[in-house]
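Numbering follows full-length UniProt numbering, with no gaps: position 271 of the sequence shown is 271.
Here a beta-carbon is modelled for each residue, glycine too, at the ideal position from N, C-alpha and C.
Model, not experiment: these values are computed from the prediction.
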Amino acid sequence: MEKNVLIVEDEFIVANNLRQILERFGYAITGIAASAEEAEAYLQKQKPDIALLDIRLQGERSGIDIARKLRSENIAFIYLSANSNQKILEEAKTTEPYGFLVKPFRKKDLLVMLDIAWYRHKQGLESIMHQESLLQQQIVEVSLENLQSEQKLLKIARILQSHLPFDLIASGLRPLTMDAFDDKAYLRVGFDEYQFIGEKELLTITNLKKTALSVILANSHTDISTVIYNHETPGVKPNVPSLQKTLIETFAIESYLVFPVTLGNGQSFHYFFYSRRRDTYNHRHISLLNRLRQCLVTVAETLVPSAGPLGRAMAAPSGLPAFSNIIGNHHLLLAALDLTTQVAPYNTSVLILGESGTGKEKVAHSIHLLSPRKNGPFIKVNCAAIPATLMESELFGHEKGAFTGALEKRKGRFELADGGTIFLDEIGELPTDMQVKILRVLQEKEIEYVGGGSPVNVNVRIIAATNRNLEKEVAAGNFRLDLYYRLNVFPITLPPLRERKSDIEGLATYFAEKFCREFNKPFMGIATSAMEDMMAYHWPGNIRELENVIEQSAILNDGKSALTLKRNLTGTATASTPEVSIKNLEDVKRIQRETERNYIISVLKKTFGRIRGVNGAAELLNIKPTTLESKIDKLNIKRDDFMSSGGNQ
């Protein structure tokens, strides 16, 4: 199908070149506008499928103003700009563009970006995720509330009503048994009014005896997969009563949707949506429910008392196997996990943001485990740990003889990740020349060996992570704007530990039990004073630092008493520390150096100065020994700083 493109560009040569390229490759041009006013005039005449927007235009208004109008009218658009000013970037970001190309760009870059933008627009993935983000969060919050199952189902009914219309919603375990009917349902009787229907109410409404209901249940059909029915009663003979037929006749049902989910103990739990209108349900409703599946499983676990350990509030949504190592139920964490379950089924690139030690790698692995690629490889790359001279070879591989020391052909990380996921940690550390090559992989799905002459196709999903503010890096010229937009299709931000302090107790207990098992010591709990100190601390090293603190306590514990802290957390900044005067950037850098220095010293004290080997400081800090030694020298850390108590290395 020929796609119509509106070009909004005030440089005639650039605009005409775009027109020639696009027409050559089968696109139709609805117009070329040099200003926002001209663009609006073209939009009134003909609605394009997609628009190419320069940010700076003739007149007072910019391409960003046109982008807002395009977004409101659900028209896809791509920015074309040579401008990387941070303020403009942040403003452009609020319009949620479908792509961003930095001038000058290659013809192939333009065509690939158009294909990507059109695909995203057609699938509606971006808009769907924005609409459903709140929906998932609300469902998870209901699962965490201490309510009776009837009250929870009512809340779920109210949440889903505007997304999945129904006149009657019901839920219960399947298959049905004659002596235990525990379905719960709500009949919509007003705009926001629902009438509860359990076994007692159903018998009253239908004027049936319990013995008759038992017969009906025995003849009822059980669906094993998601299905839509239109005025049908499946699996039963015409004159034989069933639960489906009883509900259809009693409530004048014309169509309904059955959505089964599997609980943690293997039981099948079904959600039913009934409508008094024909053909109410379609594939879009099934797609929505499938995207909500994990949340609905979480709720179902709490609706069925015997469902198993997933019914506990702390297990939602981290009760999913993919979240087994993610501890906590703070709403900021749950929001991030909601996004994780949303984006996992797709091949969309994901950018995980957050401070060091917040668990970015665990979330990346969870996305992989929840995706169709879960049986493929999950390849981790620490971009900050690979020397710039070896980066291209490490990522893309090399041919034999490509450089001194290349004694044989070697696959790179991208090819090793084929069919699976590659996790590029600390992507903000990539040199600019490598950023260009990563952008090519994202756009063209192919790599080229160092010393190679032909491209190699790779089927990989890219998840990137950084603790840097990439928008500031773009403004400073350290990170490519187009790569940032290509990675930032679906950002997930992990909160620092100081913003989710309600999770500290659960995390500390989890780590304490883990290390006590590892060291073959009984876990006698955590001392109240230790917990109070941990709650008061601001945790610059986040979860990783908390884990290190608890590991040290477990190592030095006698196995007969509760764990106590073996380092003074108040030695660094805490909630009670006097406010530090920050007047300029140098003050910020000084505080960062002091915080890093104190943290490294605390770890060195724990290991009695040992840097290398198992449980050495480098391993606990998750960095290379050479990197740690360099930091020790740079931060002027002396042996007396961490060996004052007389310990031996």
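Going by Cα to Cα distance, which pick from K3, S35, I447 is closest to V458?
As a first step, residue 458 must be located in the sequence shown, where it is residue number 458. Among K3, S35, I447, the Cα nearest to that of V458 is on I447.
Quick check on K152: buried or exposed, where buried means 16 or more other Cβ atoms within 10 Å of its Cβ?
Translated into the one-based positions of the sequence shown, residue 152 becomes position 152. K152 should be labelled buried.
Give me the Cβ distance between L173 and L243, rounded to the nearest whole Å; I'm assuming they're in contact under 8 Å.
As a first step, residue 173 is located in the sequence shown; it is residue number 173 there, counting from the start. As a first step, residue 243 is located in the sequence shown; it is residue number 243 there, counting from the start. Going by Cβ atoms, the distance from L173 to L243 rounds to 13 Å, so no, they are not a contact pair.
Mark S630 as exposed unless 16 or more other C-beta atoms lie within 10 angstroms of its C-beta, in which case mark it buried.
Numbered from 1 along the sequence shown, position 630 holds the residue referred to as residue 630. Label assigned to S630: exposed.
Just verifying my parser: in three-state terms, what is the DSSP assignment at I224?
For the purposes of this step, residue 224 is taken as the residue at position 224 of the sequence shown. The answer is coil: DSSP assigns I224 none of H, G, I, E or B.
Quick check on T94: does DSSP put it in helix, strand or coil?
The residue given as residue 94 occupies position 94 in the sequence shown. Three-state DSSP puts T94 in coil, outside helix and strand.
So the candidates are Y346, K638, E551, R188; which of them puts its Cα closest to the Cα of K374?
Start at 1 with the first residue of the sequence shown, and residue 374 comes out as number 374. Ranking the options by Cα distance to K374, first place goes to Y346.
At which residues does the beta strand (DSSP E) containing A185 begin and terminate?
Counting from one through the sequence shown, the residue named residue 185 turns up at place 185. Looking at the DSSP string, the run of the beta strand (DSSP E) that includes A185 is 184-190.
Does I159 pass the burial test, meaning 16 or more other C-beta atoms within 10 Å, or should it be called exposed?
Position 159 of the sequence shown holds residue 159. Classification for I159: buried.
Starting from the Cα of A512, find the closest Cα among L470, G613, I555 and give me that residue.
Taking the first residue of the sequence shown as position 1, residue 512 is located at position 512. Ranking L470, G613, I555 by Cα distance to A512 puts I555 first.
Is DSSP giving V549 helix, strand or coil here?
Numbered from its first residue, the sequence shown carries residue 549 at position 549. Helix.
Per DSSP, what are the beta-bridge partners of P377 in this structure?
Residue numbering aside, residue 377 sits at position 377 when the sequence shown is read from its first letter. Bridge partners of P377: none, in fact.
Could you give the DSSP three-state label for G453: helix, strand or coil?
Residue 453 sits at position 453 when you count from the first residue of the sequence shown. Three-state result, G453: coil.
For D329, count neighbouring C-beta atoms within 10 Å of its own C-beta (all shown protein chains included) and say buried if the count is 16 or more, exposed if not.
Looking up residue 329 in the sequence shown gives position 329. Residue identity check: residue 329 is Asn in the sequence provided, not Asp. So N329 counts as buried.
Starting from E532 and walking both ways along the alpha helix (DSSP H), at which residues does that stretch end?
One-based indexing of the sequence shown puts residue 532 at position 532. Segment 528-536, the alpha helix (DSSP H) holding E532.
So what does L53 bridge to, in DSSP terms?
Counting from one through the sequence shown, the residue named residue 53 turns up at place 53. For L53, which the question treats as bridged, DSSP gives the partners V8, Y79.
Buried or exposed: where does D54 fall if 16 or more other Cβ atoms within 10 Å of its Cβ makes it buried?
Position 54 of the sequence shown, counting from 1, holds the residue named residue 54. With 16 or more Cβ atoms within 10 Å of its Cβ, D54 is classed as buried.
Measure from the alpha carbon of K380 to the alpha carbon of each residue in L370, T389, E38, L395, then state which is nearest.
By one-based count along the sequence shown, residue 380 stands at place 380. Out of L370, T389, E38, L395, L395 has the C-alpha closest to the C-alpha of K380.
Counting beta carbon pairs with one atom in the segment 413-425 and one in the segment 350-370, are three or more of them shorter than 8 Å?
Because the criterion of three Cβ pairs below 8 Å is met, the segment 350-370 and the segment 413-425 touch.
Out of K93, P431, R68, S81, state which residue places its alpha-carbon closest to the alpha-carbon of F105.
Taking the sequence shown and counting its residues from 1, the one referred to as residue 105 is at position 105. Answer by Cα proximity: S81.
Starting from residue 689, trace the alpha helix (DSSP H) both ways and give me its first and last residue.
Because the chain in this structure spans residues 1 to 649, residue 689 falls outside the shown range and cannot be described.
Have a look at the DSSP bridge pairing and note the partners of V350.
Within the sequence shown, residue 350 is the residue found at index 350, counting from 1. Beta-bridge pairing links V350 to I463, F490.
Once the 5 residues before and after I326 are set aside, which same chain residues still bring their CB inside 8 Å of it?
Indexing the sequence shown from 1 puts residue 326 at position 326. Around I326: S318, L333, L337, G359, K362, V363, S366.
Within the same chain, show all residues whose beta-carbon is closer than 8 Å to that of A573, passing over the 5 residues directly before and after it, in chain order.
Locating residue 573 in the sequence shown gives position 573, where the first residue counts as 1. For A573, the predicted model reports a pLDDT of 38, less than 50, meaning its position is unreliable and no value from the coordinates is stated.
Give me the residue from A36, R19, E37 with the minimum Cα distance to I29.
Within the sequence shown, the letter at position 29 stands for residue 29. The residue with the shortest Cα to Cα distance from I29 is R19.
Which stretch, first to last residue, makes up the alpha helix (DSSP H) that contains Y42?
The residue given as residue 42 occupies position 42 in the sequence shown. Its alpha helix (DSSP H) spans residues 36-45.
Can you have a look at R639 and say buried or exposed, based on whether 16 or more other CB atoms are within 10 angstroms of its CB?
Numbered from 1 along the sequence shown, position 639 holds the residue referred to as residue 639. It counts as exposed.
Would you say the beta carbon of M535 is closer than 7 Å to some non-hydrogen atom of the ligand HEM?
Within the structure as shown, the ligand HEM is missing, as the structure has no ligands at all.
By a C-beta neighbour count over all protein chains shown, 10 Å radius and 16 as the cutoff for buried, is F25 buried or exposed?
Position 25 of the sequence shown, counted from the first residue, corresponds to residue 25. With fewer than 16 other Cβ atoms within 10 Å, it is exposed.
Helix, strand or coil for G477, going by three-state DSSP, please let me know.
In the sequence shown, residue 477 corresponds to position 477, counting from 1. Three-state DSSP puts G477 in coil, outside helix and strand.
For G172, which beta-bridge partners are listed by DSSP?
Indexing the sequence shown from 1 puts residue 172 at position 172. Beta-bridge pairing links G172 to H270.
Measure the C-alpha to C-alpha separation of P491 and G99 and round it to an integer number of angstroms.
Stepping through the sequence shown from its first residue, residue 491 is reached at position 491. Stepping through the sequence shown from its first residue, residue 99 is reached at position 99. Cα-Cα distance, rounded: 14 Å.
Quick one: give me the first and last residue of the beta strand (DSSP E) that A33 is part of.
Start at 1 with the first residue of the sequence shown, and residue 33 comes out as number 33. Residues 28-33.
Suppose the cutoff is 8 Å on Cβ atoms and the five residues either side in sequence are ignored; what does the same chain contact list for L635 look like?
Here residue 635 corresponds to residue number 635 of the sequence shown, with the count starting at 1. Cβ neighbours of L635 beyond the five flanking positions: R593, E596, R597, I600.
Could you check if K605 is buried or exposed, using at least 16 other CB atoms within 10 Å of its CB as the buried criterion?
Residue mapping note: residue 605 aligns to position 605 of the sequence shown, counting from 1. It counts as buried.
With 16 other CB atoms within 10 Å as the buried threshold, where does P495 fall?
Start at 1 with the first residue of the sequence shown, and residue 495 comes out as number 495. Buried is the call here.
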